[in-house]
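A.B. asks: Numbering (UniProt numbering), first residue to last: 1 to 262.
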Amino acid sequence: MSIFRRFISPVLALVALPAILVAAWWIYTLNTSNFFVPEPLQLVDTFISTWVTGERLTRDVLPSLQRLATGLLLAIVLGIILGLLIGLNKTIRALTEPVFEFFRALPPPVLIPVLMLLIGVGNTMQVAVIVSGCIWPVLLNTIEGVRGIDPVQSETSRSYGIRGFSRIRYQIVPAAAPPIMAGVRQSLSIGLILMVISEMFATSSGLGFTIVQFQRSFAIPEMWSGIAVLGIIGVTLSFIFQFVERRVLRWYHGLKEVENAA
């Protein structure tokens, strides 16, 4: 029974819903001849021929992943650094909060025409679009994480003479890590969306551009296969994040387990 709960049950929970959805999809396509909904086997064949054996993996998928990784990395680094600086200074926080709230309320796709004029068309513009949307969850969560640090913990650090960079490294960053990781999780989905949207404007490569081209040429199975690629990328990012989060916040999850057990 313990083996079932530890190994088999998580696997069943992971594949149960996708299996049900694929089965429902297959049953639906048996009773319809809808041109816009391909059969599962047809989509699998199209997926392999388009993205696995063809040149689109290196021409479209890899450049998109490179832009996404660059934009996310810049957004996370800038968001954490600025969040720490602003969160530790009440004056700067009071001055910047209205400005941050204004820019956070702006939908990032609206900035694409402005960035095209200021930066030009190309990879730099697409990365800038990703950064402009992904930085806010990380930045604001970092600020709130720093603000929410236990005052007793801060006083204890000062009593032991822990100041400067050592205090940031050993007290502030670990204490603010849970909300920071929550902001990073939010930025992953935002980054994937903005990657696709940015590639729909003035570009000739990338997943967003290719999916739109398939749609305009009525290559419906190819269009759905591109959407499947985006889904696979999103699921992969989620698993990578969970793997990293479990190790970065190992102490936090252990503390929660102890508290729940008590």
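We treat Cβ as the ideally placed atom computed from N, Cα and C, and that holds for glycine. These figures come from a predicted structure and were not determined experimentally.
So does the region 123-133 actually touch the region 68-83, counting three or more Cβ pairs closer than 8 angstroms?
C.D. replies: yes
A.B. asks: Under the rule that 16 or more other beta-carbon atoms within 10 Å means buried, what is T53, buried or exposed?
C.D. replies: Exposed, by the Cβ-count rule.
A.B. asks: Can you list the alpha helix (DSSP H) stretches of 4 or more residues lying completely in the region 13-58, in chain order?
C.D. replies: 40-47
A.B. asks: What ranges does the alpha helix (DSSP H) occupy inside the region 129-198, keeping only unbroken runs of at least 4 residues that lie completely in it?
C.D. replies: Runs of the alpha helix (DSSP H) inside the region 129-198: 151-159, 164-167, 173-198.
A.B. asks: Beta-carbon separation of I149 and A105 under 8 angstroms?
C.D. replies: no
A.B. asks: What does the alpha-carbon distance come out to for the pair I92 and G71?
C.D. replies: 26 angstroms
A.B. asks: Write down the C-beta distance between Q171 and S189 rounded to the nearest angstrom, noting that I regard them as a contact closer than 8 angstroms.
C.D. replies: Actually they do not touch by this definition, with Cβ atoms about 30 angstroms apart.
A.B. asks: Taking the alpha helix (DSSP H) that V99 falls in, what are its first and last residues?
C.D. replies: 90-105
A.B. asks: Could you tell me the distance, in whole angstroms, from the CA atom of E245 to the CA atom of S204?
C.D. replies: 36 angstroms
A.B. asks: I'd like the span of the alpha helix (DSSP H) that includes M223, first residue to last.
C.D. replies: M223 -> alpha helix (DSSP H) spans 220-248.
A.B. asks: Find the nearest neighbour of L57 within the set R250, W26, Q242, L230, judged by alpha-carbon distance.
C.D. replies: L230
A.B. asks: Would you kindly work out how many angstroms separate the C-alpha atoms of I135 and P38, rounded to a whole number?
C.D. replies: 38 angstroms
A.B. asks: Quick one: what does DSSP say M1 is sitting in, helix, strand or coil?
C.D. replies: Here M1 scores only 49 on pLDDT, less than 50, and its place in the model should not be relied on; the value that follows carries that caveat. It is coil, neither helix nor strand.
A.B. asks: Can you tell me which of F35, Q126, I20 puts its alpha carbon nearest to the alpha carbon of A219?
C.D. replies: F35
A.B. asks: If we ignore side chains and look at the alpha-carbon of each, how far apart do G206 and S64 end up?
C.D. replies: 5 angstroms
A.B. asks: Starting from V121, follow the alpha helix (DSSP H) in both directions and report where the run begins and ends.
C.D. replies: No alpha helix (DSSP H) contains V121, which DSSP labels as neither H nor E.
A.B. asks: What separation, rounded to the nearest whole angstrom, lies between the Cα atoms of N141 and Y160?
C.D. replies: 28 angstroms
A.B. asks: Which of helix, strand or coil does DSSP assign to F209?
C.D. replies: helix
A.B. asks: Using a Cβ-Cβ cutoff of less than 7 angstroms, which residues in the same chain neighbour Q186 once the five nearest sequence positions on both sides are dropped?
C.D. replies: P137
A.B. asks: Could you give the DSSP three-state label for S64: helix, strand or coil?
C.D. replies: Of the three classes helix, strand and coil, the one that applies to S64 here is helix, per DSSP.
A.B. asks: Report the rounded CA-to-CA distance for P178 versus F102, giving the unit in angstroms.
C.D. replies: Looking at the two C-alpha atoms, the distance is approximately 25 angstroms.
A.B. asks: Alpha carbon to alpha carbon, what distance is there between A23 and L17?
C.D. replies: Those two C-alpha atoms are separated by around 10 angstroms.
A.B. asks: Under a three-way DSSP split, which group does F214 fall into?
C.D. replies: F214: helix per DSSP, three-state reduction.
A.B. asks: Evaluate W26 with the Cβ neighbour count: other Cβ atoms within 10 Å of its Cβ, from every protein chain shown; 16 or more gives buried, anything less gives exposed.
C.D. replies: exposed
A.B. asks: Can you say whether P40 is buried or exposed, counting buried as having 16 or more other CB atoms within 10 angstroms of its CB?
C.D. replies: exposed
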